[in-house]
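**Q**
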Amino acid sequence: MLIHKPVELSWEAAAGIPELAKSDGASAVFVTVGSQEKIDFCLDKLGVTAGYNYRTQDWASELSKATDDRGVDVIIDFVGATHFQGNLNVAARDARIVQLGQMSGSILPAGVDIGSLLRKRVRLEGSTLRSRDEDYQKKLRDLLVKHALPKFRDGTFTVFIEKVLPFEDIADAHKLLESNCTKGKVICTID
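Just so you know, the sequence shown maps onto residues 1 to 191 in UniProt numbering.
(1) Just to confirm, is the Cβ distance from Arg121 to Asp94 under 8 Å?
(2) Does the stretch 31-50 come into contact with the stretch 166-179, if we say contact requires no fewer than three beta-carbon pairs (one atom in each stretch) closer than 8 Å?
(3) Quick check on Trp11: does DSSP put it in helix, strand or coil?
(4) Could you give the distance in angstroms between the alpha-carbon of Arg141 and the alpha-carbon of Leu129?
(5) Could you give the C-beta distance for Val90 and Gly71, rounded to a whole number, given that I count them as a contact under 8 Å?
(6) Answer with buried or exposed for Gly126, where buried requires no fewer than 16 other C-beta atoms within 10 angstroms of its C-beta.
(7) May I have the straight-line CA-CA distance separating Gly80 from Gln99, to the nearest angstrom?
(8) What span of residues does the beta strand (DSSP E) with Asn87 cover, start to end?
(9) Measuring alpha carbon to alpha carbon, tell me which residue in Ile187, Phe160 and Asp68 is nearest Pro166.
(10) May I ask which residues mark the beginning and end of the alpha helix (DSSP H) holding Phe41?
(11) So who's on the other strand from Asn53, going by DSSP bridges?
So this is what it looks like as structure tokens:
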């Protein structure tokens, strides 16, 4: 499984994906991030198999090597356009790409080759919780509460908190998130 950490998702929230995947039997979990510090965090705190810096590495080539050119079965992508070709390149036969965001845009760069969709029988699906009805959202919440909450309670999963600020400093909290330097949840409290 390959997960691209989205800019707006806290490391605490993003952490749940590798932890859930590993607890449900994923044999390997890979991540792409923008710094060595974040790779180290994902390796040390989240237990991912490997991490790749999309700013300094050809992450798709490195990931292909790590899987002996087999590729990955599930790709969860919040990034979008800039990662699309790489996703196709590292997708295994019969893989599934789940597009959950488009932080780098929705228009694919010129030259993107979608031939892998056919050759590898890749399934591409998009989703956003915002467009789901309340019944779906309730079922998803209930499933997460049943499946993940006990793991937070017993310490299997960890909540990573970057900073806690008073609500009056919400602009500072937003700037912190925009900096893409956080590795944990940014919380604003209301007194």
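Each residue gets a CB set at the ideal place from its N, CA and C atoms; glycine is no exception. Fair warning: this is a prediction, and the values are worked out from it, not measured in the lab.
**A** Taking the definition as stated:
(1) yes
(2) no
(3) Here the model assigns Trp11 a pLDDT of 45, short of 50, so the residue's position is not dependable, and the following value carries that caveat. Reduced to three states, the DSSP call for Trp11 is helix.
(4) 11 Å
(5) 5 Å
(6) exposed
(7) 7 Å
(8) Looking at the DSSP string, Asn87 is not in any beta strand (DSSP E); the run it does join, the alpha helix (DSSP H), is Ala81 to Val90.
(9) Ile187
(10) Gln36 to Phe41
(11) Val33
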